[in-house]
Amino acid sequence: MRKPPSLRFPPLREGNRAGRAGSTASQGEPRSAPARFPLQAGGTLRRGSKQQSLRNLPPQGDATMQTYRLYIDGEWIDTGTRYEVRNPANGEVIAECAVAGEAELNAAVDAAARAFPDWAARSYEERGELLRAVAQGIKARYEEFALAETQETGRCLRETLAHDIPAAIAVFEYFAGIAPATLGETIPVPGMYLNYTRREPYGVVGAITPWNFPLWLAAIKIAPALAVGNTMVLKPAPTTPITALMLAEVMHQAGIPAGVFNVLTDPTPATIGDLLTRHPKVRKVSFTGSTAVGVRVMQNAATHIAPVSLELGGKSPFLVFADADFDRALAHALLANYFAQGQMCTAATRIFVERPLYERFRDAFVARAQRLQIGDPLDPTTEFATLHKREQLEKTEFYVRAALEEGAKLLAGGRRLTEPPFDKGFYFAPTVLEEVQPTMRVACDEIFGPVAMLMPFEGEAEAVRLANNTDYGLAAGVWTQDIGKALRVAHQIEAGKVWVNCYNMIPPQAPYGGYKLSGFGRELGLHCLLDLYTQVKNVQVDLSPDYFEWFG
466 MRKPPSLRFP PLREGNRAGR AGSTASQGEP RSAPARFPLQ AGGTLRRGSK
516 QQSLRNLPPQ GDATMQTYRL YIDGEWIDTG TRYEVRNPAN GEVIAECAVA
566 GEAELNAAVD AAARAFPDWA ARSYEERGEL LRAVAQGIKA RYEEFALAET
616 QETGRCLRET LAHDIPAAIA VFEYFAGIAP ATLGETIPVP GMYLNYTRRE
666 PYGVVGAITP WNFPLWLAAI KIAPALAVGN TMVLKPAPTT PITALMLAEV
716 MHQAGIPAGV FNVLTDPTPA TIGDLLTRHP KVRKVSFTGS TAVGVRVMQN
766 AATHIAPVSL ELGGKSPFLV FADADFDRAL AHALLANYFA QGQMCTAATR
816 IFVERPLYER FRDAFVARAQ RLQIGDPLDP TTEFATLHKR EQLEKTEFYV
866 RAALEEGAKL LAGGRRLTEP PFDKGFYFAP TVLEEVQPTM RVACDEIFGP
916 VAMLMPFEGE AEAVRLANNT DYGLAAGVWT QDIGKALRVA HQIEAGKVWV
966 NCYNMIPPQA PYGGYKLSGF GRELGLHCLL DLYTQVKNVQ VDLSPDYFEW
1016 FG
């Protein structure tokens, strides 16, 4: 295992892969932890990869307040009313953004509708070249994007540098080249007929994105939608609009035609979102966010029969069998719970460990959770930073308190950090609970915070039963060295994404989406282009010289 060579982190410990669970390795404190490998562009974890250097970033705390306007029809529009965007880590104002109203919403949708015919008529190759130019534009401002995403989300700079920005670039590069795969098919039918299908874009797509991974979650909607000829109006989360507006700058400079892409900002989560999803010219809606808001989006889109794709909440299980690679499972369990402070739809907060391994895994997990370096998100040594907003902090506190009142046992964390310098942010210590019952609120509801629950299980059948004992079905992790067992369990889990001996790997080539209350529709991969952003037209041509008269 090699350490990331370029990002100036403190020295990282090297792991020893010689021992595995079930071998003669010590059953006490785990071997020295492996290096914390960065997430690969596109969301996969890889060893020894290069991370972006911090050398060109401004000093910590040197944030210059920016003013942003709306991006409509290729122009920057100032509405005369602005709202403040604050850094969650310290409360400082980092930007002022224009407030969109109904007039601006209508203007953006009309612009996208006007731009649609010409954009859809362009070749896949021409649209692909423009999307590649967008990817290059993000690369040219790599560190600027990472810094902006850290300041608006409160997440660690090491995360945005190593994951968010390269993942967004990879998405644009992938969809720039895959769109021709959506060409139709020829269908043999009886008689002298030519029968074929065409995949055609919907038109104007209304997209709404959340605040946890703002650039990447925008990219996975923008790139595929535009690649196949749709146009778009994007509404980013009110608290994280900056990278979306920076992306609009990049797309403008890359030559994306006026009206093809538009961005509206608004301080309230619902106002512009409701108007956008109800607008009769919006022919397709793509939403990522909470399940409750997803229901509202569906209701709005139903008023004009617009198809909807939803990527919603999760309560993912993480199953560790006794024969699992102990160190690898432990490292990924930490990643699955504390990356982004647990503010991920895929967070595997329900960790089920087979009983022979349970105590060893529990003790090691707690020890590692307590060693996480908590601090300023801009500090490259920080591993764990602030929650995004006060509501998330209070929600996390509520669920931990409720769990303890219902009989759960606190093993680590469980408290707000209020001592300086944490008093200016929304810091909550990495938390570990055990003796959690499946019926407890903490085990049933999505928390979106750093709260991990450890629970033992006995055998495959109970593991599957516990994993599926949730209303959600976004993701799951299975850890075993028995591939037969891994596949048996993976096939029985009710989730749209099942990782075996890995976690949180979301390459742009593979579909991503959920079962049950986690939504429907698959983002990323060819499925995304076929199922979300194109509709099928069938054409049948009569080649016979004969014809018949039905009415004689």
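For the sequence shown, the residue numbers in the working numbering are 466 to 1017. From the three backbone atoms N, C-alpha and C, an ideal C-beta is built for every residue, glycine too. In this text the structure is predicted, and so the values were computed from the model without any measurement.
Residue environment, Ser774, which counts as buried when at least 16 other CB atoms sit within 10 Å
buried
Alpha carbon to alpha carbon, what distance is there between Arg592 and Arg953?
42 Å
Length at least 3, wholly inside the stretch 875-944: the beta strand (DSSP E) runs in chain order:
896-899, 916-922, 940-944
My understanding is that Leu852 touches Thr861, with C-beta atoms under 8 Å, so please give their C-beta distance in whole angstroms.
7 Å
Quick check on DSSP: helix, strand or coil for Asn571?
helix
Spatially closest choice to Cys909 from Ala926, Gly938, Ala928, Thr896, by CA coordinates
Gly938
Taking the Cβ atom as the reference point for each residue, do Ala580 and Glu638 lie within a distance shorter than 7 Å?
no
Measure the Cβ-Cβ separation of Asp788 and Gln946 and say whether it is below 7 Å.
yes
Report the three-state DSSP secondary structure of Val1001 (helix, strand or coil).
strand
Give the DSSP bridge partners of Gly671, in chain order.
Val698, Val750
Excluding five sequence neighbours on each side, which residues of the same chain lie with their C-beta closer than 6 Å to the C-beta of Pro903?
Asn934
Can you list, in chain order, the residues of its chain whose CB lies under 7 Å from that of Leu875, leaving out five sequence neighbours each side?
Leu869, Leu898
Here's the rule: buried if 16 or more other CB atoms are within 10 angstroms of the residue's CB, otherwise exposed. What is Glu648?
First, the residue type needs correcting, since residue 648 is Leu and not Glu in the sequence shown. Under this definition Leu648 is an exposed residue.
On a Cα-Cα basis, can you pick out the residue from Leu822, Val715, Ser1009 that is closest to Tyr658?
Ser1009
Cβ of Gly942 within 7 Å of Cβ of Tyr968?
yes
How should Pro706 be labelled, buried or exposed, when 16 other C-beta atoms within 10 angstroms of its C-beta is the threshold for buried?
buried
Assigned secondary structure, Gln601 (DSSP; H/G/I helix, E/B strand, else coil)
helix
What first and last residue would you give for the alpha helix (DSSP H) that runs through Phe791?
791-803
Integer Cβ distance of Pro915 from Gln806, believed to fall under 8 Å
5 Å
For Asn660, which of helix, strand or coil comes out of DSSP?
strand
Asp629 by DSSP, collapsed to three states: which one?
helix
Is it right to say Ile673 is buried, meaning 16 or more other beta carbons lie within 10 angstroms of its own, or is it exposed?
buried
Could you compute how far the alpha carbon of Asn802 sits from the alpha carbon of Leu837?
12 Å
Determine contact between the stretch 723-742 and the stretch 782-798, defined as no fewer than three beta-carbon pairs at a distance below 8 Å.
no
Host beta strand (DSSP E) of Asn727 (start-end):
726-728
Which same chain residues, not among the five before or five after Leu997, have their C-beta less than 6 Å away from its C-beta?
Ser774, Gly986
Taking the beta strand (DSSP E) that Phe783 falls in, what are its first and last residues?
782-785
Would you mind reading off the limits of the alpha helix (DSSP H) that contains Arg551?
From DSSP, Arg551 is part of no alpha helix (DSSP H) but of the beta strand (DSSP E) over 547-551.
Would Asp538 and Ala723 qualify as a contact pair, given that the criterion is a beta-carbon distance under 7 Å?
yes
Contact belief for Thr999 with Glu665 at Cβ below 8 Å, rounded distance in angstroms:
6 Å
Opening and closing residue of the alpha helix (DSSP H) in which Thr704 lies
From DSSP, Thr704 is part of no alpha helix (DSSP H); its letter is neither H nor E.
Counting Cβ pairs, one atom from each stretch, are 3 or more of them under 8 Å apart for the stretch 883-891 and the stretch 551-562?
yes
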